[in-house]
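Using full-length UniProt numbering, the first residue of the sequence shown is number 1, and each one after it goes up by one.
The beta carbon of each residue, even a glycine, is placed where N, CA and C say it ideally should be.
For reference, the structure discussed in these notes is given below.
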Amino acid sequence: MSSMSEYVNKAIEIRGSQSALARACGVSQPTVNLWLNGSKMDVKYIPFIIQATKFEVNPTELRPDVDWSTIYESLKQVFERN
């Protein structure tokens with residue numbers, strides 16, 4: 001099983017840099033660095049990661065501890081607006 005940091009790194013590679021991923025998520029580059037180093041990502045940033053990576057990184061990879069069935073409807077609404 002891969003760690004969250006591996007999937008964050010994948011998102012960084014897709015966006016090109018930690019700063020680019022940070023801008024896409026509305027956070028600072030140091031926040032992305034914290035995620036990369038194992039700090040748990042708040043679920044509110046997951047839709048931004050998904051959008052920034054065009055679904056190449058999915059929520060269950062980033063936070064396997066979350067029951068995603070409870071927020072899929074919210075995710076759907078975010079993507080319908082964009």
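Between the alpha carbons of residue i and residue j, how many angstroms are there, rounded?
i          : j     : result
Val31      : Lys40 : Inspection of the sequence shows that residue 31 is occupied by Thr rather than by Val. For Thr31 and Lys40, the distance between alpha carbons rounds to 10 angstroms.
Ser79      : Arg23 : In the sequence as displayed, the identity of residue 79 is Phe instead of Ser. Each residue's Cα considered, the two are about 18 angstroms apart.
Arg15      : Lys44 : 19 angstroms
Cys25      : Ala52 : 8 angstroms
residue 83 : Trp35 : Outside the displayed range of the chain (1 to 82) lies residue 83, so it cannot be described from this structure.
Pro59      : Trp68 : 8 angstroms
Asn3       : Arg63 : Sequence inspection shows Ser at residue 3; the Asn mentioned does not correspond to that position. Ser3 and Arg63: Cα-Cα distance of roughly 9 angstroms.
Candidates the options: which alpha carbon is nearest residue i's?
i     : options                : result
Asn9  : Thr60, Asn37 and Ile46 : Asn37
Glu6  : Thr70, Tyr72 and Val57 : Val57
Gln77 : Pro47, Ala20 and Asp65 : Pro47
Leu21 : Thr70, Arg63 and Ile49 : Ile49
Asp42 : Ser19, Val27 and Lys54 : Val27
Take the Cβ of residue i as the centre, count every other Cβ of all protein chains shown within 10 Å, and call the residue buried at 16 or more, exposed below.
i     : result
Met1  : With a pLDDT of 43 at Met1, under the threshold of 50, the predicted position of this residue should be treated as unreliable, though the coordinate-derived value follows. Met1 is exposed by the Cβ-count criterion.
Glu13 : exposed
Glu73 : exposed
Alpha helix (DSSP H) runs contained entirely in the UniProt domain "HTH cro/C1-type" (17-62), provided each spans 4 or more residues | 18-25, 29-36, 46-52 and 59-62
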